[in-house]
Amino acid sequence: MGTKRLRNRDRRRRMADMYAAQPPCNDPPTDAKAADIFSRLLKERIVCLNGEVEEVASASVVAQLLFLEAESPEKPISLYINSPGGSVTAGMAIYDTMNYIRCPVTTICIGQAASMGSLLLCGGAKGERLILPHARVMIHQPSGGYAGKASDIADHAREILRVRDRLNRVYQKHLTKDVSLEEIERLMERDHFMDAEEALKFGIVDRILLRRESEEERKD
């Protein structure tokens, strides 16, 4: 047993010496680089929502919005959206926070703003909902599934209809055009896609942004 223990100890020492001889890595991991980039953007009051709207992404966006409000309550925040949509509850947490904080939130669609992503785009500050020329928007009614007792299924069906009505009213509130709830419901029966021009015409966005505007251009 003593000889075996000595051999194991010698092997551990050789492994330790081998790793100690490796040159240090000066480049941080890719994840660290990405985190550093988003930290720099946050200093410029830029928040990014990339990918699915789910609980983790929602919590991150909400935390950043609250942090930026605490730093400068009156300065605007830019929220860049490139999302296929996701959870209604996660999305509404972001939407409610956008309206709760004192900072005006400019929303910018890059790539796509679909489903809950389109509602967040639409919910930006009045006159400050922007879309890049080749981005697209998609609206549709909420979906969900449930298995269980008939009474429970009926309860969930009533709830999803109530959620649909609430979302339709949120869209109607923010559209720049006078669109009835019936028309919104009709359009959202299926996936309804819009390019930048169509989104502007429908009233989900205020402007198509070809390039970044200067402070003077924004004031004009």
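According to the numbering used here, the sequence shown is numbered sequentially starting from 2.
Each residue gets a CB set at the ideal place from its N, CA and C atoms; glycine is no exception.
Within 7 angstroms, strictly: CB atoms of residue i and residue j
i, j, result
"threonine 108", "leucine 120", "no"
"valine 63", "alanine 94", "yes"
"isoleucine 209", "alanine 197", "yes"
"isoleucine 111", "alanine 136", "yes"
"isoleucine 82", "leucine 69", "no"
"leucine 99", "valine 106", "According to the sequence shown, residue 99 is methionine rather than leucine. Cβ atoms of methionine 99 and valine 106: closer than 7 angstroms."
"arginine 103", "proline 74", "yes"
"glycine 124", "histidine 175", "yes"
Reduced DSSP secondary structure (H/G/I, E/B, other) of residue i
i, result
"valine 63", "helix"
"aspartate 196", "strand"
"glutamate 214", "coil"
"cysteine 104", "coil"
Of the residues the options, the one placed nearest residue i, counting alpha carbons only
i, options, result
"leucine 188", "Ala197, Thr177, Glu198 and Gln173", "Gln173"
"glycine 87", "Glu72, Leu69, Pro105 and Gly52", "Gly52"
"leucine 182", "Gln142, Asp37 and Arg208", "Gln142"
"leucine 213", "Ala200, Leu201 and Leu133", "According to the sequence shown, residue 213 is arginine rather than leucine. Here the closest residue by C-alpha is Leu133."
"valine 171", "Val89, Ile47 and Leu131", "Val89"
"lysine 178", "Glu199, Arg163, Phe194 and Ala114", "Glu199"
"valine 57", "Asp166, Ala91 and Ser144", "Ala91"
"glycine 204", "Arg130, Leu50 and Leu67", "Arg130"
With 16 other Cβ atoms within 10 Å as the buried cut-off, status of residue i
i, result
"tyrosine 101", "exposed"
"alanine 71", "exposed"
"valine 138", "buried"
"serine 84", "buried"
"arginine 41", "exposed"
"glycine 128", "exposed"
"leucine 162", "exposed"
"isoleucine 140", "buried"
"alanine 158", "exposed"
"leucine 168", "buried"
"arginine 191", "exposed"
"leucine 211", "exposed"
Identified DSSP bridge partners for residue i
i, result
"arginine 208", "Leu131"
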